[in-house]
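Heads up: the structure comes next, in structure tokens.
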Amino acid sequence: MSGDTSNREPGGRRLRGRAAAALGALTALGLGGCTRDEWLRGAMPKPITKDGARTLHLWQTSWIAALIVGIIVWGLILWCVVAYRRKKGDPLPKQTRYNIPIEIFYTAAPAIMIGVLFAFTLRDQTILTKNTGTATNHVTVVGYQWQWSFQYDDDKAYDVGTPAAPPTLWLPVNKRVQFTLLSPDVIHSFWVPDFLFHMDVVPGRVNKFELTPDTIGNFKGRCAELCGAQHARMIFNVKVVSQADYDAHIAALRSAGQSGSITTDRYHLSGTTLEEVTK
Ligand SMILES: [Cu+2]
């Protein structure tokens, strides 16, 4: 090493060393919070519905496929770097360009991979968004700026949320539920992360989907579509409970006067039509 570089090189190496240590610490911090189960789920929440397993499986197999491709690509890169590294005095190797077979290969291979991912996603999405008509519980969800209201269609009771008092969606366990999603203003998105599912709530359009909650517990719901200044306040609670607890809650809503169809100071729900309330 010549005299004038000896001052700079160790400094540069020290800096790289520190950067690597910082990156390592950050990664450890980020991954250290994950349990073994979370690792195996690829950081997905544990599904609380019968349908969620399919989404989780698609996610996990996509990761496995990506890792297999990654290992092959990283291995080839590493092999090239080590086996073909330039040694002292080596001349510049022969430069190759316009290798038609290789160009066809690296265009076709990713296209095939994307095609496979697309096909499996399409298959699962078609199954998960299918309305089978077998639901025995029907809930109309109104997403509006900026909260949610839930109407229990079969039980003729409802709950209206306000940003100050987020509502709770009660669902009896193991009962297939069909959600009808309505919006009187802008596009929202009805999202319960633990369902591993969300669907947009579009004004002027009636969106429906079904699922079967199979885990009793308390969960969180959110709006997954940036819908305005108070979008972040569109949080709600989900309670999956026994049929008896659900019935008691419906009785409580009714005795609080929240029976019939959702009526707020802005709209009244009539079937799947939101009628503006005029004062
Ligand atoms: Cu929203």
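Residue numbers (our numbering): 46 to 324.
Backbone N, C-alpha and C fix where the C-beta goes; we use that ideal spot for every residue, glycine too.
These numbers come from a predicted model, not from an experiment.
Secondary structure of residue i, DSSP reduced to three states
{"i": "ALA180", "result": "coil"}
{"i": "TRP236", "result": "strand"}
{"i": "ALA202", "result": "strand"}
{"i": "ILE173", "result": "Looking at the sequence provided, one finds Leu at residue 173 rather than Ile. Helix."}
{"i": "VAL246", "result": "strand"}
{"i": "TRP193", "result": "strand"}
{"i": "THR106", "result": "helix"}
{"i": "CYS125", "result": "helix"}
{"i": "VAL320", "result": "The sequence shown places Glu at residue 320, rather than the Val named in the question. GLU320: strand per DSSP, three-state reduction."}
{"i": "GLY273", "result": "coil"}
{"i": "PHE163", "result": "helix"}
{"i": "TYR151", "result": "helix"}
{"i": "GLY48", "result": "Only weak support exists for where GLY48 lies, its pLDDT of 41 falling under 50; the value from the coordinates is given anyway. Looking at GLY48 - three-state DSSP - the assignment turns out to be coil, as it is neither helix nor strand."}
{"i": "GLY305", "result": "coil"}
{"i": "ALA114", "result": "Note that residue 114 is Val in the sequence shown here, rather than Ala. Three-state result, VAL114: helix."}
Contact set for residue i: own chain, Cβ-Cβ below 8 Å, skip 5 residues either direction
{"i": "THR50", "result": "Confidence at THR50 is low in this model, with a pLDDT of 43, below 50, so its placement is unreliable and the value that follows should be read with caution. The answer is none, since no qualifying residue turns up."}
{"i": "HIS243", "result": "SER234, PHE235, TRP236, VAL237, ALA269"}
{"i": "LEU216", "result": "ASN182, VAL184, VAL222, PRO258, VAL283, LYS284, VAL285, VAL286, TYR291"}
{"i": "TYR129", "result": "PRO138"}
Closest by C-alpha distance to residue i, when choosing among the options
{"i": "GLY43", "options": "ALA296, GLY273, GLN303", "result": "Examination of residue 43 is not possible in this model, given that the chain is present from 46 through 324 alone."}
{"i": "SER306", "options": "PHE165, ALA269, VAL286, GLN196", "result": "GLN196"}
{"i": "VAL283", "options": "VAL237, VAL114, LEU123, MET158", "result": "VAL237"}
{"i": "LEU226", "options": "PHE165, THR152, THR318", "result": "THR318"}
{"i": "ILE93", "options": "VAL218, LEU167, VAL184, LYS201", "result": "VAL218"}
{"i": "SER107", "options": "LEU298, PHE163, LEU137", "result": "PHE163"}
{"i": "ALA293", "options": "GLU321, ASP169, ASP200, SER315", "result": "ASP200"}
{"i": "PRO155", "options": "ARG142, THR181, VAL118, GLN170", "result": "VAL118"}
{"i": "THR308", "options": "SER300, TYR203, GLY262, ASP135", "result": "TYR203"}
{"i": "ILE261", "options": "GLY302, GLN288, LEU167, LEU241", "result": "GLN288"}
{"i": "ASN263", "options": "ARG250, ASP239, PRO248, GLY249", "result": "ASP239"}
{"i": "SER315", "options": "ALA297, LEU241, PRO229, ILE109", "result": "PRO229"}
{"i": "GLN190", "options": "GLU148, GLN140, VAL205, GLU83", "result": "VAL205"}
Residue i - partner residues in DSSP beta bridges
{"i": "TRP215", "result": "LYS284"}
{"i": "VAL222", "result": "ASN182, LEU256"}
{"i": "ALA210", "result": "THR207"}
{"i": "ASN263", "result": "LYS284"}
{"i": "TYR312", "result": "GLU321"}
Close beta carbons around residue i, own chain, < 7 Å, minus the five adjacent residues each side
{"i": "ASP245", "result": "ILE232, SER234, ASN252, GLU270"}
{"i": "PHE165", "result": "LEU103"}
{"i": "ASP198", "result": "HIS183, VAL184, THR185"}
{"i": "LEU123", "result": "none"}
Own chain, CB closer than 6 Å to residue i, minus 5 neighbours either side, in chain order
{"i": "GLU321", "result": "TYR312"}
{"i": "SER304", "result": "LYS201, ALA202"}
ask   = Within the chosen definition, does the segment 222-232 reach the segment 248-264 through at least 3 CB pairs nearer than 8 Å?
value = yes
request  = Pair every Cβ in the segment 206-215 with every Cβ in the segment 277-297, then say whether three or more of these pairs are closer than 8 Å.
outcome  = yes
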